[in-house]
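Shown next, in structure tokens, is the structure this report addresses.
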Amino acid sequence: MIRLQTFGPPEASQGPEATTTASEQRQSEKGHRNWFAITLVVIIIIIAMGLAVAFESRSRPSQSTTSLTMISTSYNVSPNSVLSSAVQQNKSGYVLESSGRDWRVLDSSDGSFANMTVRVFSSTNASQAHYGAFVASVKGLPGYTDASSELNSFQQYGRCYAYEEGVENFTVVNGICSKGNVILKIHLASTVSLQQLEADMVTLMRSLYDSVD
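So for the sequence shown, the working numbering puts the first residue at 1; every next one is plus one.
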């Protein structure tokens, strides 16, 4: 009589195939972790680059107000001495009307008047911070146009910005320049032509620049 041998359900294999599957799973998990780490690093780098570009764009002065050469010299002068010298040597025809510690008001026979202001800071960095804040506050004012090109001849010493407005027969021209740790400002108003007032601004700014030494 032939006996039939009964076979039970196959036991789970513990051979090489099972070991290989577990190894592949561990490698897969390790690969996912590596992918996550690499992705995180890339994201951090992108964010850092974006912040750097944003900061550089924000801190870089506009082309119209930037010179290629910056004077970092600190001048040991006072606003009063600079203004007194500038009034004496100016060739615009304006004469002194009134004065203060850091300002002078001048007028001319054609009815024009000018206000010159000088600020002396402890360092070039401090003067440039003031310059940047001032320009940011007036740039784009309604009715005014950029006239910085009128002061291009002074850009070799520092930075300059000018803005002007003509309303019917009345004209206003303003300019600010830096020279080392000194800030020079001019405000002119008149019924003369815009071209004449721009020329007066340049002449007065020249007298201020020449008085800072």
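Cβ coordinates follow ideal geometry from the N, Cα and C atoms, glycine included.
Legend entry - Beta-bridge pairing of residue 179 - partner residues as DSSP gives them: 182.
Inset, instruction - Pull up the DSSP beta-bridge partners for residue 118, would you. - result: Beta-bridge annotation (DSSP): residue 118 is paired with 184.
Inset, instruction - Pick helix, strand or coil for residue 138, following the three-state DSSP scheme. - result: The DSSP-derived three-state label of residue 138 is helix.
Inset, instruction - Could you say which of 129, 204, 199 lies nearest to residue 180 if we only look at CA atoms? - result: Of 129, 204, 199, the smallest CA-CA separation from residue 180 is found for 129.
Legend entry - Under the three-state DSSP convention, the category residue 193 falls into: Coil, per DSSP.
Inset, instruction - Pair every Cβ in the segment 92 to 103 with every Cβ in the segment 134 to 154, then say whether three or more of these pairs are closer than 8 Å. - result: Flag = no, the segment 92 to 103 and the segment 134 to 154 do not touch.
Inset, instruction - Name the one or two DSSP bridge partners that residue 99 has. - result: The secondary-structure analysis by DSSP pairs residue 99 across a beta bridge with 104.
Inset, instruction - Rounded to whole angstroms, what's the CA-CA distance from residue 73 to residue 126? Just pull it up for me. - result: The straight-line gap separating the alpha-carbon atoms of residue 73 and residue 126 is approximately 12 Å.
Legend entry - residue 168 (DSSP reduced to helix, strand or coil): DSSP places residue 168 outside both helix and strand once states are collapsed to three, so it counts as coil.
Legend entry - Any 3 or more C-beta pairs closer than 8 Å across the segment 76 to 93 and the segment 157 to 168: Not touching, per the Cβ criterion.
Legend entry - First through last residue of the alpha helix (DSSP H) which encompasses residue 212: Unbroken run through residue 212: none, as it is neither H nor E.
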